[in-house]
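Worksheet: one structure, shown below.
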Amino acid sequence: MISVIETHDLCKSYNGRIVVDHLNLSVPQGCVYGFLGPNGAGKSTSMKILLGLVHPTSGSVKLFGHTMNEENRIALLRKTGSLIESPSGYLHLTARENLKIIADLKDIDHKDIDRVLEIVHLTADANRKVGQYSLGMKQRLGIAMALLGNPKLLILDEPTNGLDPAGIQEMRSLIASMPKSTGATVLISSHLLGEMEQMVTQLGILDHGKMIFEGSLQELRKHSRGGLQIRVLNVKKGIDILNRQGILTQTMTHHPDILQLPSISDEILAALVRTLAENGVGVVGLTSETKSLEEIFLSLTQNGGEVA
Amino acid sequence: MAGAFRVEVQKAHRRHDLLFCLVVPLIVMLWTGGLLSPGPDELANAYSALFYSIPIANVLILPIVMAVLASRLWDMEVKGSTWKLLYTLQSRRSLFLGKALFGIMEVLLVTFLEMGGIFLTGKIYGYTEDFPISQFFYLTGCTLAVELMLFFGAFLLMLLTGNPLLALCAGIIASLTGLFSAFMPKVVSYFVPWGYFVPLGTYEVANWDQAAHTVTYGTRPYNWGLLIFTVLLVMSLFYTAWRRVQKQEV
Amino acid sequence: MLKHCIQAENRKLHASPIWGLFFALPLISAIYGTFNYLQNLEILKDGWYSLWTQHTLFYSMFFFPAMVAAYAAYLWRMEHLGHNWNLIMTSPVRPIDLFLAKFVVVAKLALLTHLFVFLLYAFCGKVFAHLPGVPPMILLAFLLRGALGALAVIAAQLVLAMVIRSFAIPIFLGLVGGITGLLAGSKGLSLFWPYALMQAGMNANKSKDVFGGGDYILFFFSCSFWLVTMFLVAGMFLKKRDIRA
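Taken in order, these protein sequences are the chains called A, B and C. If you use this note's numbering, the first sequence corresponds to residues 1 to 308, in order. If you use this note's numbering, the second sequence corresponds to residues 309 to 558, in order. If you use this note's numbering, the third sequence corresponds to residues 559 to 803, in order.
This is how it looks when you write it as structure tokens:
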């Protein structure tokens with residue numbers, strides 16, 4: 001699997017303060033890569049380094065298989081579209097004029113402007129000055145600029161910022177479909193973990209400048225499996241049997257008939273259920289908790305927890 | 309690089325900067341020669357009067373004008389937060405050159421309009437003095453050199469602070485000190501580069517007859533040494549600004 | 559409420575590096591004025607009066623309007639950036655009070671600058687020019703007249719900075735205003751044009767008082783007229799214009 005973006009021991013420090021700490025990032029081709037991390041984790045800085053906006057203290061970046069340096073940077077970045085922090089746009093020019101400038105810099109036919117305006121639903125307001133735009137409209141213009149020329153790589157920092165719910169949903173389906181529709185790879189950072197969960201296929205979680213997890217969404221979920229909940233008819237007997245098996249259990253606070261168990265392997269679980277049933281405990285329900293991305297994320301970053 | 313320049317032209321759309329470049333020479337010309345129709349004896353040395361007073365008007369107005377032009381060139385990027393996008397599409401060098409070229413174009417426009425204005429004023433009011441061709445070209449060269457120096461000075465200040473406030477306050481102070489240095493002994497004026505319009509100028513008041521209110525003008529030799537020094541200043545300011553852009557992080 | 563506005567505007571100015579102008583311009587005027595006086599003692603025979611004209615000539619003509627333009631542009635820049643206009647127009651302050659607050663702050667600063675000019679003048683007169691006695695007190699009257707004339711310019715520049723969203727252009731217009739003032743003065747129209755009023759009031763260019771009896775009335779009338787006109791224009795603008803943040 002070819003990596004579109006690869007970083008090797010990327011470091012960045014400002015006046016002794018380490019912001020990016022030996023980052024080894026790998027974004028496979030054709031995926032939607034979610035870049036997560038709490039505020040101040042170093043996400044924006046890392047993304048800026050990828051685009052050559054910030055010079056790394058040490059380490060290297062490879063884009064499309066080529067090590068990025070001052071000479072080839074622009075040529076490589078021409079195949080990308082980006083939106084970092086706040087959207088850019090000359091306030092005294094209309095959206096269309098702004099896009100013309102970007103198209104000229106990217107060496108793209110002006111015909112593509114209508115296409116991207118249509119995608120972000122700005123066609124009706126294309127001839128108004130950007131200074132008059134709402135925040136959401138400026139955001140959409142920023143996305144349109146990134147989409148110009150059908151880039152092979154999209155780097156988006158909080159792309160749904162300022163959008164209304166319909167806009168967020170549109171953005172989500174657009175991004176999720178990009179690999180299939182245009183063959184593009186997308187690197188996206190966002191705080192909306194619920195949205196991310198539905199869009200991304202790969203994840204990288206950053207904390208204090210260090211990557212604490214990188215892999216697919218399934219891998220993350222597998223590693224952070226939540227516990228089990230068994231609903232039984234005879235709670236007391238159930239607890240006895242489980243304790244004799246050496247499994248610590250307790251009832252849920254608001255559901256006195258549900259026993260909570262830690263995560264155990266499938267074989268042991270099957271044997272346990274048979275034991276409980278044979279002893280008349282009466283197993284009537286069994287659910288396995290899946291931690292949401294948000295819960296995993298919080299437990300990882302707040303407690304400095306391991307990916308268990 | 310031509311592409312970068314074309315993009316700057318597009319960015320200048322709706323900005324009235326070019327209108328500004330037209331108005332400035334107009335103001336200078338109106339002030340120095342346009343409003344007062346000279347009497348018959350004044351017509352005989354009207355060009356001299358003009359060539360004497362234009363550098364003084366320049367020293368007052370142009371530092372602020374150059375600060376305005378330079379600050380506006382960069383201010384649009386600051387207001388639109390466009391750095392992050394631009395630097396992924398064009399190298400810092402390309403952006404710098406595009407803007408520098410556009411600025412130079414504006415400076416050329418102002419200079420040529422001003423010089424053209426001299427010619428025009430003479431024709432309109434029918435100056436009887438012979439048109440001093442070589443002085444004219446010398447004045448054009450000097451004005452251009454000092455203007456470029458002022459422009460790149462303001463350009464550099466904008467790059468260093470990103471805030472037009474500093475460039476403009478510096479322009480105001482430069483105007484004031486430049487004007488003053490013009491009336492001080494020549495030695496002092498050499499230490500005030502932004503006032504070089506005047507020491508570079510070749511016309512001076514030879515005799516001021518207070519009773520008859522007439523002024524006779526004389527000429528000084530061309531100040532080639534100072535002109536060359538000015539050009540060197542232009543180049544070093546340009547280079548410093550270039551280096552600054554290269555290092556810039558977003 | 560107005561008092562709070564004024565305090566807020568004060569704080570804005572105090573925090574900025576624009577203070578540099580406040581010190582630099584009078585200082586430079588004083589240095590040059592003293593130097594020029596000492597160089598031309600043969601022509602400038604009126605002692606304290608001559609020194610005064612040297613100190614205030616260029617100051618009142620060009621640099622005071624430019625400085626006021628910079629203050630005004632700076633105070634309005636903060637409103638033009640971001641979405642501050644929304645904040646302003648929805649706060650419980652009448653928009654014209656906001657204008658008035660800025661006016662008061664700039665006027666205060668301008669008056670202080672005038673006083674600083676006078677102090678430097680007195681100092682230079684004693685220490686460098688070795689002029690006898692004390693400066694004629696009538697010059698303080700000139701100073702106050704100049705301050706009165708300045709009010710119209712302050713109001714005009716505040717209007718320009720409010721209407722024009724660019725930071726730089728109003729400053730340039732301030733300079734142009736100064737030049738028009740000079741031209742108006744040379745044509746004898748100084749009592750009719752706001753940018754010439756301060757110069758006329760400060761009596762910058764003449765050693766004898768240029769105001770005869772009737773001229774005082776015209777001067778005060780002109781100052782008031784232009785001041786009121788500028789405030790009316792400001793009020794109209796604030797009321798009619800849709801807020802485009």
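Even glycine gets a Cβ: it sits at the ideal position worked out from N, Cα and C.
For residue i, name the three-state secondary structure that DSSP assigns.
i        : result
C/Gly591 : helix
A/Ile247 : coil
B/Leu327 : helix
A/Ile2   : coil
C/Leu689 : coil
A/Leu25  : coil
A/Gln260 : strand
B/Ala514 : strand
C/Leu785 : helix
C/Phe725 : coil
A/His8   : strand
C/Ser608 : helix
B/Gln398 : coil
Kindly list, in the order they appear in chain B, the residues whose Cβ is closer than 8 Å to that of residue i.
i        : result
A/Asp104 : Gly311, Arg314, Val315, Gln318
C/Pro575 : Leu473, Leu474, Cys477
A/Thr80  : Thr396
For residue i and residue j, I'd like the C-alpha separation in whole angstroms.
i        : j        : result
C/Pro653 : A/Pro87  : 31 Å
B/Pro333 : B/Leu416 : 11 Å
B/Met559 : C/Leu602 : Shown here, chain B extends from 309 to 558; a query on residue 559 of chain B therefore has no answer.
B/Val553 : B/Phe463 : 11 Å
A/Leu141 : A/Val120 : 7 Å
A/His8   : A/Tyr33  : 17 Å
A/Ile18  : A/Ile101 : 37 Å
C/Arg802 : C/Leu609 : Because the pLDDT at C/Arg802 is just 49, under 50, the model does not fix this residue reliably, and the point stays unresolved.
A/Arg73  : A/Gly52  : 7 Å
B/Leu370 : A/His92  : 26 Å
A/Leu298 : B/Phe404 : 44 Å
B/Phe328 : B/Gly388 : 22 Å
A/Asn24  : A/His66  : 16 Å
C/Tyr595 : C/Val685 : 13 Å
B/Phe488 : A/Val54  : 44 Å
B/Trp532 : B/Phe505 : 13 Å
A/Leu286 : B/Thr396 : 53 Å
C/Thr648 : C/Thr787 : 26 Å
A/Asn15  : A/Lys210 : 18 Å
A/Ile108 : A/Leu147 : 11 Å
B/Ala490 : B/Ala482 : 12 Å
I'd like to check one pair, residue j with residue i: are the Cβ atoms closer than 7 Å?
i        : j        : result
A/Leu135 : A/Ala126 : no
B/Trp502 : B/Gly486 : yes
C/Ala659 : C/Cys563 : yes
B/Ala453 : B/Thr538 : yes
B/Thr436 : B/Ala352 : yes
C/Leu785 : C/Ala710 : yes
A/Ile84  : A/Asp157 : yes
A/Val20  : A/Gly37  : no
B/Gly470 : B/Ile372 : no
C/Ala627 : C/Gly707 : no
B/Leu560 : B/Ala375 : No answer is possible for residue 560 of chain B: the residues shown for chain B start at 309 and end at 558.
C/Ala719 : C/Ala630 : yes
Residues of chain C with a CB under 7 Å from the CB of residue i: which are they?
i        : result
B/Thr485 : Ile586
B/Ser379 : Ala726
B/Val373 : Phe730
Determine the chain B residues that contact residue i at a beta-carbon separation under 7 Å, and present them in chain order.
i        : result
A/His55  : Glu557
A/Ile101 : Val315, Gln318, Lys319
A/Glu85  : Lys392
C/Gly578 : Cys477
Can you pull the chain B residues whose beta carbon is under 9 Å from the beta carbon of residue i, in chain order?
i        : result
C/Asn594 : Phe488, Phe491, Met492
Applying a beta-carbon distance threshold of less than 8 Å, which residues of chain A neighbour residue i?
i        : result
B/Arg551 : Within chain A, no residue comes near B/Arg551; the closest Cβ sits about 14 Å away, beyond 8 Å.
Given the structure, does residue i come close to the ligand HEM, in the sense that its CB is under 6 Å from one of the ligand's heavy atoms?
i        : result
B/Arg401 : Absence of the ligand HEM from the depicted structure is noted, as is the absence of any ligand whatsoever, leaving it without description.
How would you list, in chain order, the residues of chain A whose beta-carbon sits under 7 Å from the beta-carbon of residue i?
i        : result
B/Arg322 : His92, Leu93
*Identify each residue in the segment 119-151 of chain A for which the Cβ-Cβ distance to at least one residue of chain B is less than 7 Å, and report them in chain order.*
Met145
*chain A contacts from the segment 381-406 of chain B (Cβ-Cβ distance under 7 Å)*: Met384, Lys387, Gly388, Ser389, Thr390, Lys392, Leu393, Tyr395, Thr396, Leu397, Gln398, Ser399
*Any residues in the segment 649-674 of chain C with a beta carbon nearer than 8 Å to a beta carbon of chain B? Which ones, in chain order?*
none
_Within 9 Å of chain B by C-beta, residues of the segment 611-642 of chain C in sequence order_ = Phe616, Tyr617, Phe620, Phe621, Ala624, Met625, Ala627, Ala628, Ala631, Tyr632, Arg635, Leu639
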